[in-house]
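Residue numbering for the sequence shown follows the working numbering, starting at 147 and increasing by one per position.
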Amino acid sequence: MRYVSTRGVAAPVGLSAAIAAGLAPDGGLYVPEAMPRVSRPAGEGSLPDTAMHMLAPFFAGDPLADELPAICAEAFAHPAPRRELRIDGAHVLELFHGPTAAFKDFGARFLAACLVRLRRAADGPLTILVATSGDTGAAVGAAFHGLPGFRVAILYPDNRVSPRQAHQLGSFGGNVRALRVEGSFDDCQRLVKGALGDAALQADVPLSSANSISLGRLLPQMAYFGHATLQADGPMNAIVPTGNLGNAVACLWARELGLPIGDVVFACNANETLPDFFGGMPYRPRDAVPTIANAMDVGAPSNFERLRHLFGDESATRMNGAAESVDDAAIRDVIHRHAAADGEVFCPHTATAIRVFERRRMAGDRRAWTIAATAHPAKFESIVEPLVGHPVDVPEALAAMLSRDAEAEPMTADPRIFANWLRSW
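Structure below.
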C-alpha cells in the first residue's frame, strides 16, 4: 500500500514514511493511493481484533506490518462500548474511557506505538507538534510522556479550553511542554503546519505531527466505528461531533472499506464552515468562533482536504454527508433536559450530536442512529454541573492528572518566534 498527498505533488511513500512525516512535503495530507475493501469483522472479536482486521490492508508490505497486533493491543487497551439511550432509536458510542477521557486517546496511543517502533537507537530526538482545541493535546501528551527519544510541544488557544482541559495540558512536565497561544485554535494549527513545512527548521529540529493531519492518528479511528457496526441491526447511521473533521473522515473511510455504515452526519457547534458547505455554499474557511463545545471550535478544518479527495469534487462530497450547526443555547438545553428527564449526562460535544438527532426525529426520521460520545462530561464541569444540578463523577485517570501541578508557557501566534522557541529547546 502506498500513500499520496491530497495536493498531488509529493511522490508516493510507504506507510512508515507517511506516519513519520505527518504532513506531505507539498503541504498536503497523506491518503491511501487506493482505498482497500475489507470484509465485515467477526462478531465475536474484540476491539483490538477488529482494528487488526480493518487496518491490515493499510500496513501491507510495510515494515510495521508484523508489529500491527502489538500496536493494536497497546492502542485499544480500553473499551468503546455502544449502548442504548432512553431515547427511541438512539445509541451512544462511548469513546471516553481512555486515560484522558476523550476519543483522542485511541489515535494518540496508536501513533505513539508506531513511532516508537520506527525510531532507531542512533536517531536524535523527534519533536511532536500538536495543536489542540482541548482534547487532542492531553491525549498526545499522555501517549508520549516519558518515552525516550520523543518530545511533545502542545499548542492550545489561551482561555479557550475548559479549566480542567488546561490543567491536563500542562500537567505532564518532562518531555512534554504546553504553550498557551494568544489566539484561536486555527492560529495554533497554522503555527504547527508552518513549522512542519519549514525545511530549514526541520533540518535543525526534526519534527512530526500528532494532529489528525497525521495518518497515524486517523487510521485507528476507523476501528471503533467498524466495531460498533457489529452491534447494530443493519447499516449503522452515525452522528459525529465535528471540529477538525478527523473523526468524521475516519467514519467515512470505514464506510468506504465496505463496513455497514449508512448515513453520516457531522454535528457542529456555532462554527458553520461545514454546515454552510453542505448547505450548498462554496467552501470558505474562516476564523473560529468560541463556544462551550470548545474542542470543535475550528473554522478551517484540516481534514476537509481528505474529505474532498475521498469523493473527488465538492458536488460528490455533499452527496456523501451532511452537517448541522447547534448553538450554545441548544447545547445547554440538551444537557439540562436529559439530565432531568432520564439521568443522562453529556459533555457539550456529545450534546451537540444529541440535538442533531432530536431534529431528525422531529422531521420524521425514525431510523436508529449511533451518536459518537467524544469526551467525558467531567472534563467540562464548569459548564455541565450548573446545568445538571450536581457534581459529575471524575474518572480515576482524569482525577490523577488533575492532582498534579500544571504549567503552560505563553506564546504569540508568530511563526518566527515559535521556530526560535523550538530551536532553543
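Glycine residues also receive a C-beta, built at the ideal position from the N, C-alpha and C atoms.
Keep in mind the model is a prediction, meaning the values are calculated, not measured.
Checklist entry - Met382 and Thr520: beta carbons closer than 7 Å? => result With contacts defined as CB atoms closer than 7 Å, Met382 and Thr520 fail to qualify as a contacting pair.
Next on the checklist: Determine, for Ala378, whether the minimum Cβ-Cβ distance to residues of chain C falls below 7 Å.
Outcome noted: Of the protein chains in this structure there is only one, and it is not chain C.
Checklist entry - For Glu555, does the three-state DSSP call read helix, strand or coil? => result For Glu555, the three-state secondary structure derived from DSSP is strand.
Checklist entry - Any idea if Met557 is buried or exposed, counting beta-carbon neighbours within 10 angstroms, 16 or more meaning buried? => result buried
Checklist entry - Secondary structure at Met147, three-state DSSP: helix, strand or coil? => result The DSSP-derived three-state label of Met147 is coil.
Checklist entry - Relative to the alpha-carbon of Ile500, which residue among Ser355, Asn393, Val238, Ala170 has its alpha-carbon at the smallest distance? => result Val238
Checklist entry - Between which two residues does the alpha helix (DSSP H) carrying Cys493 extend? => result It is not in any alpha helix (DSSP H) - Cys493 carries neither H nor E in the DSSP assignment.
Item to check | Proximity of Asn390 and Pro447 at Cβ, strictly below 7 Å | outcome: yes
Item to check | C-alpha distance - Ala288 paired with Leu257, whole-angstrom precision | outcome: Cα-Cα distance, rounded: 12 Å.
Item to check | Distance, Gly168 Cα to Pro203 Cα | outcome: 20 Å
Item to check | Opposing strand residues paired with Arg323 [DSSP bridges] | outcome: Ala299
Next on the checklist: Taking a contact to mean a Cβ-Cβ separation below 7 Å, would you say Ala369 touches Thr196 in this structure?
Outcome noted: yes
Checklist entry - The alpha helix (DSSP H) spanning Tyr370 covers which residue range? => result 361 to 374
Checklist entry - Can you check whether the CB of Thr498 is closer than 7 Å to the CB of Val530? => result no
Item to check | Three-state secondary structure assigned by DSSP to His237 | outcome: strand
Checklist entry - What are the complete beta strand (DSSP E) segments, minimum 3 residues, inside the stretch 394 to 462? => result DSSP runs (the beta strand (DSSP E)) wholly in the stretch 394 to 462: 407 to 414.
Checklist entry - Does the separation of the CB atoms of Leu572 and Ala324 fall below 7 Å? => result It is not possible to answer for residue 572, since the shown part of the chain is limited to 147 through 571.
Item to check | Of the residues Gly510, Gly320, Phe412, Thr496, the one placed nearest Phe526, counting alpha carbons only | outcome: Thr496
Item to check | Option nearest Phe222 by Cα separation, candidates Ala216, Arg363, Gly340, Pro194 | outcome: Pro194
Item to check | Which of helix, strand or coil DSSP assigns to Glu470 | outcome: strand
Checklist entry - Can you list, in chain order, the stretches of the alpha helix (DSSP H) that have 4 or more residues and sit fully within the stretch 158 to 210? => result Runs of alpha helix (DSSP H) with 4 or more residues, each lying fully within the stretch 158 to 210, are found at 161 to 167, 193 to 205, listed in chain order.
Checklist entry - Nearest to Ala439 by alpha carbon, out of His522, Ala509, Leu361, Arg513? => result His522
Checklist entry - Does DSSP put Ala341 in a helix, in a strand, or in coil? => result helix
Item to check | Rounded separation between Ala433 and Asp333 - CA only | outcome: The question names Ala, but residue 433 is Asp in the sequence shown. Rounded to whole angstroms, Asp433 to Asp333 spans 9 Å at the Cα level.
Checklist entry - What are the boundary residues of the beta strand (DSSP E) that includes Val599? => result The question about residue 599 has no answer, for the chain in this structure spans 147 to 571.
Checklist entry - Asp511 to Pro227, Cα distance in whole Å? => result 25 Å
Checklist entry - How about Met547 and Ser308: do their beta carbons lie closer than 7 Å? => result no
Checklist entry - Where Met465 and Phe249 are concerned, what is the direct C-alpha to C-alpha distance, given to the nearest angstrom? => result 27 Å
Next on the checklist: Quick check: does the Cβ of Glu240 come within less than 6 Å of any heavy atom belonging to the ligand NAD?
Outcome noted: Inclusion of the ligand NAD in the displayed structure is not the case, the ligand content being empty and no account of it being possible.
Item to check | Selected residue, minimal CA-CA separation from Pro352, among Ile274, Asn415, Ile300 | outcome: Ile274
Item to check | Coarse secondary structure for Leu275, derived from DSSP in three states | outcome: strand
Item to check | Pair within 7 Å by beta-carbon distance, Ile385 and Phe503 | outcome: yes
Checklist entry - Is Arg228 helix, strand or coil when you go by DSSP? => result Three-state result, Arg228: strand.
Checklist entry - Among Leu365, Val395, Thr419, Leu272, which residue has its Cα nearest to the Cα of Asp572? => result One cannot answer for residue 572 here, as it falls past the ends of the chain, which runs 147 to 571.
Item to check | Alpha carbon of Asn393 to alpha carbon of Gln367, nearest angstrom | outcome: Straight-line spacing of the CA atoms in Asn393 and Gln367 works out to 7 Å.
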